[in-house]
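Encoded as structure tokens, the structure appears first; notes follow it.
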Amino acid sequence: MAYIASHLKTGITHQQRVMRLYRNSLKHLLSWCIEREVWREEALILRDRFDKYKNETNQQKIQKLLETGEAEFESKKHPYPYINPTSPDGSKWERNIPPPPHVLHMLPWEEEWYKEMCDWADGKN
């Protein structure tokens with residue numbers, strides 16, 4: 141995953157840090173829980189943990205909670221997270237790339253040959 145705690149501390153808002161932590165936690169949770177029903181139960185527990193401190197106003201406590209959450213994520217994240225096969229770094233990424241458009245244009249002699257073959261197949265000869 142592209143989750144690096146060091147770059148999160150500068151340049152983005154607190155809300156973005158929390159949202160990225162939550163989103164990455166859900167993604168890594170999906171790597172740990174294979175069955176969707178189990179994942180959903182764990183996701184609800186995770187959401188409750190985030191909602192528990194949703195209305196906290198003490199800035200120092202909020203900062204400590206966020207740093208603790210990021211540290212917990214780093215320690216519990218999956219060593220080999222699931223990557224969708226067609227996503228970058230997936231097993232099927234760029235496996236069947238369509239050819240460039242200029243390759244698909246026929247040369248004049250190919251067009252003539254193609255027309256002759258179509259006429260022959262249609263019985264026009």
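The numbering used here runs 140 ahead of the 1-based position in the sequence shown.
Note that CB positions come from ideal geometry on N, CA and C, so glycine has one too.
Whole-number beta carbon distance between residue j and residue i, since they are thought to touch under 8 Å
| i | j | result |
| --- | --- | --- |
| S171 | H242 | The Cβ separation is near 41 Å, so there is no contact. |
| K183 | L205 | Here residue 183 turns out to be Ala, not Lys, going by the sequence shown. About 19 Å separates the two Cβ atoms, so there is no contact after all. |
| P239 | K232 | With 8 Å as the limit, P239 and K232 do not qualify as a contact, their Cβ atoms being about 18 Å apart. |
| P221 | K167 | 7 Å |
Enclosing alpha helix (DSSP H) for residue i [first to last residue]
| i | result |
| --- | --- |
| R176 | 176–192 |
| S231 | Neither: S231 is in no alpha helix (DSSP H) and is coded neither H nor E. |
| K255 | 248–262 |
| H218 | From DSSP, H218 is part of no alpha helix (DSSP H); its letter is neither H nor E. |
| H168 | 154–172 |
| H242 | 241–244 |
From the options, residue whose alpha carbon lies closest to that of residue i
| i | options | result |
| --- | --- | --- |
| E212 | N198, K232, R189 | R189 |
| S165 | E196, E210, D262 | E210 |
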